[in-house]
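Below is one structure, written out as structure tokens, with a few remarks after it.
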Amino acid sequence: MSNLKGSWSKISVWVSTVILAATIYSTGYWNDKGRVIASDVIDYYGYLPATFIFKDLGVDKAETIESGTFYTFRLPNGNNIFKMSMGMAMVYLPFFVTGHFAAHFFEYPVDGFSEPYRLALLIGGLIYFGLGMLFLSKILNRSFPDKVSALTLLAVGLGTNLFYYASDEGTMSHVYSFALITIFLWHTIRWHENPSALRLMFLGILAGWITLIRPSNIIILLIFMLYGVWSWATLRDKIINSFRKFDWFLLMFAGFLLPWVPQFLYNIYFTDQLLFYSYNDEGFFFNNPQFINGLFSYRKGWLIYTPLMGFALAGIPFLFRKHKELAWPLFLYTTLNMFIIFSWWCWWYGGSFGQRPMIDSYGLMAIPMAYMFQWALSGHRWKIVGFTVVILLLVGLNQFQIRKYRKGSIHFADMTGQAYWHSFMSVRPRAGFYDLLETPDYTKAKQGIYEVLPKEDPSH
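Numbering-wise (this note's numbering), the sequence shown opens with residue 2 and increments by one.
Printed below as a string of structure tokens:
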């Protein structure tokens, strides 16, 4: 019987990953020059071809500039820099190298942007999805029956916008951050059970890498620092033990800085500063967080486009009774994470499906979701059947909404409630759909003022 332990959850991991692989294959986006390495990804990825192909990290040679493949901005000192940090370039590196050799071997353009590079990067997203799901299954199987773990894995893997950001936009940062944060959680749990200096340094490297990819994700350290704290007594013990192992935590700090060393060198060389804010007039409005819009608006409400995650929020109270070690750290992390995400000037995050920054935390949010599922699946048989049907319907709704987003009946930025319900049952936009959209005023949004642009008068 021991060989069967976790069999359903293993099946869920494989099913989710195989469906994702089939989706990536069926869309064939690597054949499209306008996809895969596009939008933010050009900034994430640009370090690699600029360094290894164009030999021009500063993007200032005529050949590099004329290629038209890099997004940089010029500083007052005359240097060009990439807007995004290089954390994702580190993630892409092995897949870039694979694509580079494939381009040579199959005689494609060796420019960093041809089909072999794009395909290799998409495979990278698939691999990180599988890794994230694998470590999530290990975490869930410690606390839950196998079938609860399996249902939770299917819900996260197929029933959320994680699936879209691992398939259609698998080169964006979110599937990678999901995997790395889930791995960080696993090693946090294991370190608290069996502390070791080596694992602590590895946790530091992971935290540094996660933060380099998306600096606001530095709050993942709350999970480590507060794990096992559920009272003043446990907090006191945690602080005392930390001072006793102070040299170990210096090692963790050194590990945290390690992924940042190339970024520091880049910043110093091109900007003359150790840390450099590259977002110019884009910032946070912490005095005006858009919680209601971020959760419930038709423009980009998290629970409108990923309703399954409502079970994760509803499951958080269970942690305080059943999983005390993680209750306060996860509650505080989730609250602070949403506060930061919804305080960004562009709280809808441009052209995207749902609240994409929330994806990074799904490995954590899966735990309260599983507690909610366990509660629902422990009652009368009809309750179990009914709840399972609801979950499967919401997974189906997610896949349907992803298809609608691909075909345009969910607009990438301008959605309204009227537009949503007008074309709800239609994959493609119905007649009159575009008249119901409302375009946000991006200029005012950068000032923390959220209004829509006036509609054009059709008579003019």
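We put the beta carbon where it would ideally sit given N, CA and C, even for glycine.
*How is the alpha helix (DSSP H) around ARG200 delimited, first residue to last?*
Taken as a continuous stretch (DSSP letters only), the alpha helix (DSSP H) holding ARG200 covers 198-214.
_C-alpha distance - GLY295 paired with GLU108, whole-angstrom precision_ = Straight across, the Cα-Cα distance linking GLY295 with GLU108 is about 47 Å.
*What separation, rounded to the nearest whole angstrom, lies between the Cα atoms of ASP248 and THR183?*
CA-to-CA, the gap between ASP248 and THR183 works out to about 26 Å.
*Sort ILE269, SER144 and TYR72 by Cα distance to GLU326 and report the nearest one.*
The residue with the shortest Cα to Cα distance from GLU326 is SER144.
*Assign ARG357 to one of two classes, buried (16 or more other C-beta atoms within 10 Å of its C-beta) or exposed (fewer than that).*
Classification of ARG357: buried, given that the 10 Å Cβ count is 16 or more.
*If we ignore side chains and look at the alpha-carbon of each, how far apart do VAL98 and PRO50 end up?*
Straight through space, the alpha carbons of PRO50 and VAL98 are spaced by roughly 10 Å.
*asked:* Taking its Cβ as the centre, do 16 or more other Cβ atoms sit within 10 Å of LYS139, making it buried, or is it exposed?
replied: Around the Cβ of LYS139, a 10 Å sphere holds 16 or more other Cβ atoms; the residue is buried.
*Note down the Cα distance separating GLN419 from ARG300, rounded to an integer number of angstroms.*
Approximately 11 Å between the Cα atoms of the pair.
*How big is the Cα-Cα spacing for TRP261 and SER115?*
When rounded, the distance between both Cα atoms is 29 Å.
*Sequence-distant residues of the same chain with beta carbon closer than 8 Å to MET2, five excluded per side*: With a pLDDT of 37 at MET2, under the threshold of 50, the modelled position of that residue is not reliable, and the figure given next carries that caveat. Around MET2: no qualifying Cβ.
*Are the CB atoms of ASP282 and LYS447 nearer to each other than 7 Å?*
The answer is yes: Cβ separation under 7 Å.
*Less than 7 Å separating the beta-carbons of SER168 and ILE214?*
Not in contact: SER168 and ILE214 (Cβ atoms no closer than 7 Å).
*By Cβ distance below 6 Å, which residues in the same chain neighbour ILE206 in space, the five residues on each side in sequence not counted?*
Excluding sequence neighbours, ILE206 sits near GLY256 and LEU259.
*Under the rule that 16 or more other beta-carbon atoms within 10 Å means buried, what is VAL19, buried or exposed?*
Exposed.
*Is the distance from the Cβ of TYR129 to the Cβ of ALA180 below 7 Å?*
Their beta carbons are under 7 Å apart, which means TYR129 touches ALA180 by this criterion.
*Kindly indicate which residue of GLY100, ASN268 and LYS11 has the alpha-carbon position closest to the one of LEU76.*
Considering only alpha carbons, the answer is ASN268.
*asked:* So for ASN4, helix, strand or coil by DSSP?
replied: The pLDDT assigned to ASN4 is 48, lower than 50, so where the model puts this residue is not dependable; a value taken from the coordinates is nonetheless given after this. Helix, per DSSP.
*Thinking C-alpha only, which one of ILE54, ALA151 and LEU127 is nearest ALA22?*
Residue LEU127 is the option with its Cα nearest to ALA22.
*Pick from PRO216, SER353 and VAL157: whose alpha carbon is nearest that of SER17?*
Selected option, being the one with the closest Cα: VAL157.
_Would TYR350 pass as an interface residue toward chain C - the criterion being a Cβ-Cβ separation below 7 Å?_
Considering every chain present, this structure includes no chain C. It has just one protein chain.
*Given that a residue counts as buried once 16 or more other Cβ atoms are within 10 Å of its Cβ, and exposed if not, what is LEU5?*
For LEU5, the predicted model reports a pLDDT of 49, less than 50, meaning its position is unreliable and no value from the coordinates is stated.
*To the nearest angstrom, report how far apart PHE53 and PRO216 are at their CA atoms.*
A direct Cα-Cα distance of roughly 26 Å separates PHE53 from PRO216.
_How far does the alpha helix (DSSP H) with VAL92 in it extend, from its first residue to its last?_
88-106 is the extent of the alpha helix (DSSP H) around VAL92.
*Please determine, among LEU309, GLU439 and TYR421, the residue with the shortest C-alpha to C-alpha distance to ILE431.*
Reading the sequence as shown, one finds Arg at residue 431 and not Ile. The option with the nearest alpha carbon to ARG431 is TYR421.
*Which residues share a DSSP beta bridge with PRO441?*
The partner list for PRO441 (beta bridge, DSSP) reads VAL453.
*asked:* Given a cut-off of 7 Å on the beta-carbon distance, is the pair LEU438 and HIS412 in contact?
replied: A contact, by the Cβ cut-off of 7 Å.
*For MET426, which of MET416, SER279 and SER410 has the nearest alpha-carbon?*
Closest by C-alpha distance to MET426, out of MET416, SER279 and SER410, is SER410.
*Reference ALA103; option with closest CA among TYR118, MET89 and VAL149*: For ALA103, the nearest C-alpha among the options comes from TYR118.
_6 Å Cβ shell around THR417 - same chain, five flanking residues per side excluded_ = Around THR417, the same chain offers TYR299, LEU437 and GLU439 as residues with beta carbons nearer than 6 Å, after the five sequence neighbours per side are excluded.
*Based on Cα-Cα distance, which residue from LEU252, PHE254 and PHE225 lies nearest to ILE240?*
That would be PHE225, whose Cα lies nearest to the Cα of ILE240.
*Among ASN81, MET366 and LYS408, which one has its Cα closest to the Cα of LEU163?*
The shortest C-alpha separation from LEU163 is found at MET366.
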